[in-house]
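Asks: In the working numbering, the protein residues as written are 9 to 471. Below: one structure in structure tokens.
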Ligand SMILES: Nc1nc2c(ncn2[C@@H]2O[C@H](COP(=O)(O)OP(=O)(O)OP(=O)(O)O)[C@@H](O)[C@H]2O)c(=O)[nH]1
Ligand SMILES: [Mg+2]
């Protein structure tokens with residue numbers, strides 16, 4: 009019966025037993041692994057009805073867990089009336105086959121579970137294509153392996169999935185169809201993405217862009233909705249967000265930036281999914297500042313931070329400064345927990361996206377990035393430079409104005425990036441009687457270093 013069930017890998021309403029093996033060198037505590045696997049299962053619509061664990065040096069080749077454990081698993085399936093077993097490990101098709109046969113229950117692995125969640129959430133054309141490609145690459149060959157096997161055990165007789173015709177000829181035809189389908193989907197995806205890349209490039213030229221990144225369920229979309237006109241789907245489930253959303257974030261005094269909310273990260277994200285979602289993840293690379301959102305109430309927040317850093321490194325998002333934002337501070341169990349965070353990251357921004365506490369501190373901090381550090385300057389430019397004057401009047405803090413025959417003279421509080429923007433609109437700006445470009449470095453000698461944390465001393469990492 010197990011083989012037939014693998015035709016449908018949906019987890020919705022399944023009664024699931026979770027299995028995790030602690031192998032030599034595993035660093036994440038079992039409780040935490042089960043907590044995450046449970047959250048994934050529930051996010052996929054399944055119900056967790058049992059757990060099984062084993063300690064092993066290495067996985068047992070044929071069935072991953074040992075034969076005694078396998079018998080225990082079979083009894084557990086019967087005892088709790090499970091309809092599904094989910095392994096916290098990637099299994100080979102042959103392992104799935106053997107375990108299914110022994111337990112008479114459908115087996116899926118962690119990657120398939122994540123793929124199932126992604127496929128049930130995908131809403132945009134791009135996300136749907138990305139998931140479908142990942143499924144064709146990961147799940148399909150594994151289903152095929154089952155079918156091949158069925159062909160052998162039934163001698164090709166039409167049973168279950170086998171009714172589709174597991175004969176060699178049929179398999180060949182199916183393989184070719186899948187190959188064709190995959191290349192067609194990839195072509196469609198490339199078309200959508202090249203349009204998106206152009207949009208991203210234009211946005212980055214026109215605006216200061218800030219990206220929210222973090223582990224799944226850290227509260228990125230909730231924060232996004234608090235800071236902008238909103239519209240992002242936020243929910244207490246893993247992978248609520250699958251595509252990037254961008255809105256303007258008003259920072260006060262006429263200053264603003266474009267804020268993007270995107271798919272969350274998770275440890276051991278199936279690599280086919282990473283490949284498919286690469287361009288969605290890569291939008292992050294182009295942001296000028298990254299806000300790393302951590303769920304401060306999650307006991308695994310530090311591990312999550314590591315995963316986020318690894319993922320950012322793997323997609324090449326290393327060129328921009330990062331700010332750590334500790335979210336869900338309202339949810340901390342005690343004052344002591346807050347103090348632990350303060351001593352760990354003294355300058356990180358602590359806030360709650362739900363109550364709004366601390367959001368104004370984040371706004372101030374980001375504003376400093378958008379405008380650059382502020383300086384008081386006396387600046388003159390031709391009164392005919394309409395665009396630059398319009399920018400100054402709308403976007404900067406003017407202390408005083410004066411006019412000569414053809415020049416306007418301002419005393420301003422201005423940020424480095426604001427001055428750079430003005431200089432791109434008018435080439436003859438003078439500061440204290442000298443060309444602005446000669447003054448830039450004198451006014452702002454310490455440039456922000458790329459790829460580093462701005463509010464966290466580097467030595468606090470990787471300890
Ligand atoms: N108490 C509390 N809950 C929060 C806060 N921020 C977010 N949440 C809750 O956390 C859950 C996840 O929030 P989301 O905003 O969907 O998280 P996300 O990071 O966008 O998650 P993905 O899109 O799945 O990656 C929701 O139930 C939110 O209501 C907060 O500051 N305090
Ligand atoms: Mg989200």
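We put the CB at the ideal spot given by N, CA and C, even for glycine. Computed from a predicted model, the values in this text were never measured in an experiment.
Specify, as a first and last residue, the run of the alpha helix (DSSP H) that residue 85 falls within.
Replies: It spans 75-88 - the alpha helix (DSSP H) in which residue 85 sits, taken as one unbroken run.
Asks: Touching or not, the region 58-76 and the region 96-114, by the rule of three or more beta carbon pairs under 8 Å?
Replies: yes
Asks: Would you list the one or two residues that DSSP bridges to residue 299?
Replies: The partner list for residue 299 (beta bridge, DSSP) reads 220, 331.
Asks: Please identify the residue among 66, 108, 242 whose C-alpha is closest to the C-alpha of residue 250.
Replies: 242
Asks: Less than 8 Å between the beta carbons of residue 333 and residue 301, yes or no?
Replies: In this structure, residue 301 lies closer than 8 Å to residue 333 by Cβ.
Asks: Give me the pocket residues for ligand 1, defined as CB within less than 6 Å of any heavy atom, sorted by chain position.
Replies: 222, 224, 225, 226, 227, 228, 229, 230, 242, 243, 244, 246, 247, 248, 249, 272, 335, 336, 338, 339, 360, 361, 362
Asks: When the Cα atoms are used, what is the spatial distance from residue 119 to residue 373?
Replies: Going by the C-alpha atoms only, they are around 38 Å apart.
Asks: I need the boundaries of the beta strand (DSSP E) containing residue 63, first residue and last residue.
Replies: 55-64
Asks: So which of 220, 68, 245, 258 has the shortest CA-CA distance to residue 237?
Replies: 258
Asks: Taking one C-beta from the region 337-353 and one from the region 181-194 each time, how about it: are there three or more such pairs within less than 8 Å?
Replies: The region 337-353 makes no contact with the region 181-194: fewer than 3 CB pairs, one atom from each, lie closer than 8 Å.
Asks: Helix, strand or coil for residue 247, going by three-state DSSP, please let me know.
Replies: In this structure, residue 247 counts as coil in the three-state DSSP scheme.
Asks: Taking the C-alpha atoms as reference points, what is the distance between residue 395 and residue 253?
Replies: 30 Å
Asks: Per DSSP, what are the beta-bridge partners of residue 265 in this structure?
Replies: 257
Asks: Put residue 232 into one of helix, strand or coil per three-state DSSP.
Replies: helix
Asks: For residue 325, which option in 287, 78, 263 has the closest C-alpha, if you only look at C-alpha atoms?
Replies: 287
Asks: Using the C-alpha atoms, what's the distance from residue 382 back to residue 413?
Replies: 29 Å
Asks: Any idea what DSSP makes of residue 285, helix, strand or coil?
Replies: coil
Asks: Looking only at C-alpha atoms, which of 21, 45, 354 sits nearest to residue 274?
Replies: 45
Asks: According to DSSP, is residue 443 part of a helix, a strand, or is it coil?
Replies: It is a strand residue.
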